[in-house]
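The structure appears below as structure tokens.
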Amino acid sequence: MAVLITGIGELTTNDPELGKVSEAALVLDGGTVAWAGPAGRAPAADEREDVGGRAVLPGWVDSHTHLVFAGDRTAEFEARMAGKPYSAGGIAVTVEATRAAPDHLLAENLRRHVDEAARQGTTCLETKTGYGLTVADEARSAKLAGAVADEVTYLGAHLVPPGADAESYVDLVCGEMLDAVAPHVRWADVFCENGAFDEAQSARVLAAAADRGLGLRVHGNQLGEGPGVRLAVEQSAASVDHCTYLSDADVVALASSETVATLLPACDLSTRQPLAPARRLLDAGATVALASNANPGSSYTTSMAFCVATAVLQMRMTVDEAVWAATAGGARALRREDVGVLRPGARADVHVLDAPSTTHLAYRPGVPLTYAVWRKGERMR
Ligand code: NIG
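Using UniProt numbering, you'd call the opening residue of the sequence shown number 1 and step up by one each time.
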């Protein structure tokens, strides 16, 4: 059943040839985009939906979340707002709650957050393990994530569990735990940071994952400058995420690589860190993605619109750069060509704003602007 979406005031396609089209239309058929272009040239379809001059863009591609968790860290957030610095140690609180939670509770919590994201226009979402940190808990997290997320990442190397010896734990992450999780994930990640895993340990994790055929991602340069970005680029990781503290050499390395710099502005704000240097990266020629980093500790939001508004208002990205980063940029960070773009053959993931242009995402920050969403051609709201 083909659906013609017409009356599009402004269509952002992210396709270099189609570009941005005004007075546009889209045809969705069988879960993919069948046609995109000026309304006057649109082909006929079985059904027609007029969106009344509203702006249409690809659904958000949220390439960084941690949604397999249980428990609550409101008290940690309150302490932070009272002046206590963020430290990765809070992860252990969520690990304890996650290990104690039955499968159905973890699954419900995950589903609730994925649905919350979808209602706000997120149509492709990555999520991670990393709050289990035992072989059984990481494997169960990966399986639960695989049931609802588009992309699943193994983050056994999130934190050395309290009481464990770091080197022995890295052995486990690279051995038995990797064996148990690998069938359920496409990606592996490591938190390369003071207080988490050092450069040598991180390199070991990445090498073991690459040997198993997994794609690589790195959490790097979140709490200070360090080896994370350099390591990610050296290992041809698809993405290095956070990038809050970057040396000039890091920026140059990213700009001359295929590794995407995924910026997480909601996390920077919630942990009272400076905002990542988006302008330096973009001006140097690096590829930038924006993601929510939704998790109960450092960034408890699923709102990609909030990330886009912050990127424009406070990180000096243009609206077009921010919208691209939160759609096509996320797709690039996940090495996907079928999402984050509206062109024939792409997945029919469509986000209609209750606004005439994407500029309103920054012009009206905090206002829920999602009017309609199609995911794989199915109307979600
Ligand atoms: O991306 N940096 C490491 N991991 C998460 C934090 C998770 C937490 O605090 O629970 C992040 O910010």
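For every residue, glycine included, the Cβ atom is placed at its ideal position computed from N, Cα and C.
| Asked | Found |
| --- | --- |
| Between the segment 155 to 164 and the segment 117 to 124, can you find at least three pairs of beta-carbon atoms closer than 8 Å? | no |
| Out of curiosity, what's the CA-to-CA distance linking Val185 and Glu337? | 19 Å |
| If I'm right that Thr12 touches Val323 with Cβ under 8 Å, what's the distance once you round it to whole angstroms? | 6 Å |
| If you run the structure through DSSP and keep just helix, strand and coil, what is Pro85? | coil |
| Would you call the segment 248 to 267 in contact with the segment 223 to 234, where contact means no fewer than 3 C-beta pairs closer than 8 Å? | yes |
| Excluding the five sequence neighbours on either side, which residues of its own chain have a C-beta within less than 6 Å of the C-beta of Pro365, listed in chain order? | Ala309 |
| State whether the segment 70 to 77 contacts the segment 26 to 41, with contact taken as three or more CB pairs (one from each stretch) at a distance under 8 Å. | no |
| My understanding is that Thr262 touches Ala289, with C-beta atoms under 8 Å, so please give their C-beta distance in whole angstroms. | 4 Å |
| For the structure I just gave you, are there three or more beta carbon pairs, one from the segment 84 to 94 and one from the segment 139 to 155, closer than 8 Å? | no |
| Which residue marks the beginning of the alpha helix (DSSP H) containing Pro43, and which one marks its end? | Note, Pro43: premise wrong, no alpha helix (DSSP H); not H, not E. |
| Once the 5 residues before and after Leu105 are set aside, which same chain residues still bring their CB inside 8 Å of it? | Ala70 |
| Please confirm if Met304 has its CB atom under 9 Å from at least one CB of chain C. | Among the protein chains of the structure shown there is no chain C, as only one such chain exists. |
| Please report the Cβ distance between Cys124 and Val61, rounded to the nearest whole angstrom; I am assuming they are in contact, meaning their Cβ atoms lie under 8 Å. | 4 Å |
| Should the segment 36 to 47 be called in touch with the segment 266 to 283, which here means at least 3 C-beta pairs below 8 Å? | no |
| Any heavy atom of ligand 1 within a distance shorter than 8 Å of the CB on Gly130? | yes |
| Going along the chain, which unbroken runs of the alpha helix (DSSP H) with 4 or more residues stay wholly within the segment 225 to 304? | 228 to 234, 248 to 255, 265 to 270, 278 to 284 |
| Under a three-way DSSP split, which group does Asp29 fall into? | strand |
| Beta carbon of Ser239: closer than 8 Å to some heavy atom of ligand 1? | no |
| Could you have a look at Ser357 and say whether DSSP puts it in helix, strand or coil? | coil |
| Assign Asp50 to one of three DSSP states: helix, strand, or coil. | strand |
| Assign Asn109 to one of two classes, buried (16 or more other C-beta atoms within 10 Å of its C-beta) or exposed (fewer than that). | buried |
| Compute the distance between the beta-carbons of Val205 and Leu144, then report whether it is under 9 Å. | no |
| Using a Cβ-Cβ cutoff of less than 6 Å, which residues in the same chain neighbour Val170 once the five nearest sequence positions on both sides are dropped? | Gln201, Arg204 |
| Relative to the C-alpha of Ala82, which candidate in Ser270, Gln222, Cys174, Tyr131 has its C-alpha closest? | Ser270 |
| Spatial neighbours of Val319 within its chain, please: C-beta separation below 6 Å, excluding the five flanking residues on both sides. | Val312, Thr358, Thr359, Ala362 |
| Sorry if obvious, but does the Cβ on residue 455 come closer than 8 Å to a heavy atom of ligand 1? | Past the boundaries of the shown model lies residue 455; the chain is included only from 1 to 381, so the question cannot be answered. |
| Between Val341 and the rest of its own chain, which residues show a CB-CB distance below 8 Å, the 5 nearest in sequence each way excluded? | Thr13, Asn14, Asp15, Pro58, Thr327, Ala328, Ala331 |
| Does at least one heavy atom of ligand 1 sit under 8 Å from the Cβ of Thr98? | no |
| Nearest to Arg217 by alpha carbon, out of Trp374, Asn295, Ala255, Glu126? | Glu126 |
| For Lys376, which three-state DSSP category applies? | coil |
| Using the three-state DSSP reduction, which class does Arg347 fall into: helix, strand or coil? | strand |
| When you compare only the Cα positions, how much space is there between Leu172 and Leu133? | 10 Å |
| Arg343: which of Ile8, Trp35, Ala2 sits nearest, CA to CA? | Trp35 |
| Check each candidate in Val350, Val367, Leu334, Ala355 and name the one with the smallest Cα separation from Arg381. | Val350 |
| Between which two residues does the alpha helix (DSSP H) holding Glu116 run? | 103 to 119 |
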